[in-house]
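Written below as structure tokens is the structure these notes are about.
Residue numbers (our numbering): -13 to 335.
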């Protein structure tokens, strides 16, 4: 589909429309602005007929990219500096990092951003780091971060593995009728969870070449902490009891069964690597898969793993002074919205 043909809409059709003018705005001004906006949108259409713009999310994604580089001990220093510059520029006035524009500090995002900047070389005594640390401690410390953040902290040996839920790879062997089965959770959850099963089972360990620690973000020593899973309800208590029961029974699971589950998880991941788009086409799943494949014996130059890394790097937006990582690309969303916008312009009569 060529430019302007996706809706049978072109510049001439747009120019023929009649626009209802809001009070206080001259008709010619409004029409000129709409024509310019529509022309600009058409000019940004890909030759294949779609639109795809940058997709900026919260700071967890660029922070996780820095963490991934240190997990692998393969750090691009220039890229790291640009990512750290981006993180500093998004720090909130309250000292933390929000999940949405001008929102309040969110502890999990803040812990990841602080750790990423310390890995990138920011001195913890610098004013912005001090302010961030004070905010994190005010919010309860790093032990109050969410499960995904605590898994990252366990991988970096900042908390014990008991700080995360029981995630055995044997879940891959559960029958479809069982209360928990992969077919009963969302696509996003499946693509994130299956590689996590592998990371949990192998107790993945980041190389962390500089051995950077963030113990200053904990109110209680993380190895002495006993309240990683506060009880909020009867259901919550029941799930925690099942979690503890699973941990006690885990050593008794036959090794043959575990090997079979690992093989099934590996096959599941490989079947869904999605060509050049990466597992699930979303950053968290792609990074988990990239790291899980390493634990499964795939070297960094193996074609499947190398393709996964390229898919991750394709999400980077690198500018002159800073860089960030997108959570995914958005051609479907952007094309749908672009079509609707142009259709509304062309249909005004």
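The C-beta atom is built at its ideal place from N, Cα and C for all residues, glycine as well.
Residue 302 sits in a strand when the DSSP states are folded into three classes. Judged by DSSP in its simplified three-state form, residue 157 adopts helix. Looking at the DSSP output, residue 309 sits in a beta bridge with 304. Contact check for residue 102 against residue 53 passes: the beta carbons are separated by less than 8 Å. Within the segment 121 to 158, complete alpha helix (DSSP H) segments of at least 4 residues are found at 133 to 141, given in chain order.
Our two residues, residue 78 and residue 115, have alpha carbons roughly 12 Å apart in a direct line. Cβ contact annotation for residue 263 (same chain, cutoff 8 Å, sequence separation greater than five): 297, in chain order. Burial state of residue 40 is exposed, judged by a 10 Å Cβ sphere holding fewer than 16 other Cβ atoms.
Straight across, the Cα-Cα distance linking residue 23 with residue 38 is about 16 Å.
By the criterion of at least three beta-carbon pairs nearer than 8 Å, the segment 217 to 230 is not in contact with the segment 156 to 171. In this structure residue 166 is exposed. Its beta-carbon is surrounded by fewer than 16 other beta-carbon atoms within 10 angstroms.
Its Cα nearest to that of residue 247, the residue 183 stands out among 183, 43 and 149.
Buried is the label assigned to residue 295, since at least 16 other Cβ atoms lie within 10 Å of its Cβ. Taking the Cα positions, residue 254 is about 8 Å away from residue 180.
For residue 45, the closest C-alpha among the options 58, 72 and 27 is that of 72. Excluding five sequence positions before and after residue 48, the CB atoms of its chain that fall closer than 7 Å to its own CB belong to 69, 72, 73, 310 and 311, given in chain order.
Here the alpha carbons of residue 273 and residue 313 stand approximately 11 Å from one another.
Taking the C-beta atoms as reference points, residue 100 is found no nearer than 8 Å to residue 124.
By the 16-neighbour rule on beta-carbons within 10 angstroms, residue 63 is exposed. Contact check between the segment 235 to 246 and the segment 128 to 144: fewer than three CB pairs, one atom from each, fall below 8 Å, which does not count as touching. Cβ neighbours of residue 196 within its own chain (closer than 8 Å, five residues either side excluded): 56 and 105. Of the candidates 94, 280, 16 and 21, 21 places its Cα closest to the Cα of residue 329.
Residue state for residue 114 is assigned as helix, using DSSP reduced to three classes. Here residue 121 is buried: its Cβ has 16 or more other Cβ atoms, across all protein chains shown, within 10 Å. Positions of the beta strand (DSSP E) runs, each at least 3 residues long and wholly inside the segment 265 to 304, are given as 302 to 304 in order along the chain.
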